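Student:
Residue numbers (my numbering): 67 to 270.
(1) Between the region 172–180 and the region 106–115, are three or more C-beta pairs nearer than 8 Å?
(2) Helix, strand or coil for residue 106 per DSSP?
(3) Would you kindly report the start and end of the unbroken alpha helix (DSSP H) that includes residue 161?
(4) The alpha helix (DSSP H) that contains residue 179, what's its start and end?
(5) Kindly give me the distance between the Cβ atoms of residue 164 and residue 78, rounded to whole angstroms, as I take these residues to be in contact under 8 Å.
(6) Go through its chain and collect everything with a Cβ distance to residue 260's Cβ below 7 Å, but skip five positions before and after it.
(7) By the three-class DSSP mapping on this structure, what secondary structure does residue 168 have?
(8) Suppose you measure from the CA of residue 74 to the CA of residue 269; what does that come to, to the nearest Å?
(9) For the alpha helix (DSSP H) containing residue 94, name the first residue and the last one.
(10) Straight-line CA distance for residue 70 to residue 120?
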């Protein structure tokens, strides 16, 4: 996977995920729904509710695209994995907005990609002369030099695409395709919840 392809993919996730597409509203509009809701006492409660709802949405996405007699794990591109990543980028962006961050900031956008990258995030930063602890924290990412952010984005995009190619296929009898839907939906939900928690730790 080339850096150029990684850069294009990272840009696509950020642009489409944050601006919204089709029936999906923008990350800013999504955040606004929670910010104006007086049922929440603070932003932490708003973010917790957002993560819960978006996790359910990711389960539904995985369930629908996973129906069939064959389930691809993590999930196929573009219908399943691509849509899940877009939903997760939108969620991470909304979390950033709830905590008062500017979505036009390059550093904020890198944090959104880091939220999606999960375990491959640190691998993406190897060779850049960056020293990070075992856990990604807001303070650690804020110390990354601005000149390194674009390169990190490229690397994360490339590694996400590489991960998408490492698919494990589970075959189920076509008579019970619902099993495939449950597995695909459950995986999407688990990953979405993890992305949300990472985004919260990076933006809180």
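All C-beta atoms, glycine included, are put in the ideal place defined by N, C-alpha and C.
Only a predicted model underlies this, so the values are computations on that prediction, with no experimental measurement involved.
Tutor: On the basis of the data shown:
(1) no
(2) In the three-state reduction of the DSSP assignment, residue 106 falls in the coil class.
(3) Where residue 161 is concerned, the enclosing alpha helix (DSSP H) stretches over 147–164.
(4) 172–183
(5) Not quite, the Cβ-Cβ distance comes to about 24 Å (not below 8 Å), so this is no contact.
(6) Result list for residue 260: 184, in chain order.
(7) coil
(8) 24 Å
(9) Where residue 94 is concerned, the enclosing alpha helix (DSSP H) stretches over 93–101.
(10) 30 Å
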